[in-house]
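**Q**
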Amino acid sequence: MRKVAVTILTILAFSSGLLADADNQVYTRTIDFEGEKFLNVEMDFGMAELKLARGTGNYIARINGEYDADLFEVTVKYQKEGDVGTLIMKIEQKKRSFTFSNKGSENSWEVLLGDMVPMDLAVDAGMCEADFDFSGLEITGLEMDIGMASGTIIFNQPNKGRIKDFSIDAGKSSFECYGFGNANFENLEIDAGMASFDLDFSGKLVFDGNVTLDAGMSSTNIKLNHNMGTKIHYSEDWTSSVGVPDDFEKVKDGVYQTRDYDSKKGHLDFDIDISMGSVDFELAESL
Numbered sequence: 013m014r015k016v017a018v019t020i021l022t023i024l025a026f027s028s029g030l031l032a033d034a035d036n037q038v039y040t041r042t043i044d045f046e047g048e049k050f051l052n053v054e055m056d057f058g059m060a061e062l063k064l065a066r067g068t069g070n071y072i073a074r075i076n077g078e079y080d081a082d083l084f085e086v087t088v089k090y091q092k093e094g095d096v097g098t099l100i101m102k103i104e105q106k107k108r109s110f111t112f113s114n115k116g117s118e119n120s121w122e123v124l125l126g127d128m129v130p131m132d133l134a135v136d137a138g139m140c141e142a143d144f145d146f147s148g149l150e151i152t153g154l155e156m157d158i159g160m161a162s163g164t165i166i167f168n169q170p171n172k173g174r175i176k177d178f179s180i181d182a183g184k185s186s187f188e189c190y191g192f193g194n195a196n197f198e199n200l201e202i203d204a205g206m207a208s209f210d211l212d213f214s215g216k217l218v219f220d221g222n223v224t225l226d227a228g229m230s231s232t233n234i235k236l237n238h239n240m241g242t243k244i245h246y247s248e249d250w251t252s253s254v255g256v257p258d259d260f261e262k263v264k265d266g267v268y269q270t271r272d273y274d275s276k277k278g279h280l281d282f283d284i285d286i287s288m289g290s291v292d293f294e295l296a297e298s299l
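This is how it looks when you write it as structure tokens:
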């Protein structure tokens, strides 16, 4: 009986060590606007809760966070060369070996980017629970690695810039994307992997854009903007499923388009590569 009691006490002591009280710290920083004409942003968040959005004010960025200093190391660097600013933010896990989280451990962040300058962004969200709201910003390049993350990507207002290259590496993530018709991109490249993806191309803008989707083994649902002509090209394969709206016309095998494609001012052209996944398109009457 004594041996059992000692064993239980040992387990409890071990567990309490793994689940020690968190050493949470608050981080706050504002990077003031000093006449920059362009901004490069690089962010690597690993495992975190993240909200990224447009901020209003005379600043480049405003960063607020709470994190467990025992588990995470935070690095924020800003450098201005001439009229170009570079913001680098990285959150790294200190303990690489397997461990349970500390009791009350936090790693949550809000990043507000100023809307005063055009910017290129590269974001690695790792395993985050993340909400990216790019509404109203001026973005000219956007690279996102969302790995095993979950959350939303939103353009509720028109992008003030023109994105030349917009890429999303989705891995095994689960994301809902809204207002991509406001993103104003030339090229959108999505590697969907094994992700669960909802893509909504609603928006107020009219532009010509190319969408390359490597659907892999993902499940992807796409809502199309009825204000823009749409063409869909895919390789027909019995192991995959592509659902095209009934009112699309067939141009040739594997190529379909809206009947008024040529008369539209804006166009979205989709090139779909799919192995064992499914892609379903819906042409909404109003979005």
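At the far end of the sequence shown sits residue 299, using this note's numbering, and the numbering has no gaps. Note that CB positions come from ideal geometry on N, CA and C, so glycine has one too.
1) Pull up the distance between the alpha-carbon of ASP145 and that of GLU48, whole angstroms please.
2) Are the CB atoms of LEU154 and GLY67 nearer to each other than 8 Å?
3) Do GLN37 and ALA65 have their beta-carbon atoms positioned less than 8 Å apart in this structure?
4) So for PHE192, helix, strand or coil by DSSP?
5) Considering just the uninterrupted stretch of the beta strand (DSSP E) at GLY163, what are its terminal residues?
6) Taking the alpha-carbon positions, what's the SER294 to LYS63 distance?
7) The beta strand (DSSP E) with HIS245 in it runs from where to where?
8) Considering Cα atoms alone, identify which of ASP157, LYS172, PHE197 is closest to PHE187.
9) Looking at C-beta atoms only, is the number of pairs between the region 124-143 and the region 83-92 that lie closer than 8 Å three or more?
10) Under a Cβ-count criterion, where at least 16 other Cβ atoms within 10 Å of its own Cβ denotes burial, should GLU150 be classed as buried or exposed?
11) Using beta-carbon positions only, say whether ALA142 and ALA182 come within less than 8 Å of one another.
12) Return no unless some Cβ of chain B is closer than 8 Å to the Cβ of PHE167.
13) In chain order, what residues of the same chain have a beta carbon less than 6 Å from the beta carbon of GLY159, not counting five sequence neighbours either side?
14) My guess is that ASN196 and PHE219 are in contact by the Cβ rule of under 8 Å, so how many angstroms apart are they, rounded?
15) Sorted by chain position, which residues of the same chain lie with C-beta nearer than 8 Å to ASP95's C-beta, five sequence neighbours on each side aside?
16) For a test of the three-state rule: what should DSSP assign to ASP274, helix, strand or coil?
17) Distance check for GLN269 and LYS262, CA to CA, integer angstroms please.
18) How far does the beta strand (DSSP E) with GLN91 in it reach, from first residue to last?
**A** Per the coordinate set shown:
1) By 1-based counting over the sequence shown, the position of residue 145 is 133. By 1-based counting over the sequence shown, the position of residue 48 is 36. One C-alpha to the other measures close to 22 Å.
2) The residue given as residue 154 occupies position 142 in the sequence shown. The residue given as residue 67 occupies position 55 in the sequence shown. For the 8 Å CB-CB criterion, LEU154 and GLY67 do not form a contact.
3) Taking the sequence shown and counting its residues from 1, one reaches residue 65 at position 53. Taking the sequence shown and counting its residues from 1, one reaches residue 37 at position 25. Their beta carbons are not under 8 Å apart, which means ALA65 does not touch GLN37 by this criterion.
4) In the sequence shown, the residue the question calls residue 192 occupies position 180. If DSSP states are grouped into helix, strand and coil, PHE192 belongs with the helices.
5) Taking the sequence shown and counting its residues from 1, one reaches residue 163 at position 151. Here the beta strand (DSSP E) through GLY163 covers 162-166.
6) Indexing the sequence shown from 1 puts residue 294 at position 282. Indexing the sequence shown from 1 puts residue 63 at position 51. Note that residue 294 is Glu in the sequence shown here, rather than Ser. Roughly 29 Å separates the two Cα atoms.
7) Translated into positions along the sequence shown, residue 245 becomes position 233. Run containing HIS245: 241-246, per the beta strand (DSSP E) assignment.
8) Reading the sequence shown from its first residue, position 175 is the one you call residue 187. When only C-alpha atoms are compared, the closest one is ASP157.
9) no
10) Counting from one through the sequence shown, the residue named residue 150 turns up at place 138. Buried, since its Cβ has 16 or more Cβ neighbours within 10 Å.
11) Residue numbering aside, residue 142 sits at position 130 when the sequence shown is read from its first letter. Residue numbering aside, residue 182 sits at position 170 when the sequence shown is read from its first letter. Cβ distance not < 8 Å, so ALA142 and ALA182 don't count as in contact.
12) In the displayed structure, chain B is absent; only one protein chain is listed.
13) Taking the first residue of the sequence shown as 1, we reach residue 159 at position 147. Same-chain partners within the cutoff: GLY138, GLY183.
14) Counting from one through the sequence shown, the residue named residue 196 turns up at place 184. Counting from one through the sequence shown, the residue named residue 219 turns up at place 207. In this structure ASN196 is in contact with PHE219, their Cβ atoms being roughly 6 Å apart against a cut-off of 8 Å.
15) Along the sequence shown, read from residue 1 onward, the residue named residue 95 stands at position 83. Cβ neighbours of ASP95 beyond the five flanking positions: GLY47, GLU48, LYS49, PHE50.
16) Start at 1 with the first residue of the sequence shown, and residue 274 comes out as number 262. Looking at ASP274 - three-state DSSP - the assignment turns out to be helix.
17) The residue labelled residue 262 in the question sits at position 250 within the sequence shown. The residue labelled residue 269 in the question sits at position 257 within the sequence shown. Those two C-alpha atoms are separated by around 7 Å.
18) On the sequence shown, residue 91 is found 79 positions in, with the first residue counted as 1. GLN91 -> beta strand (DSSP E) spans 84-93.
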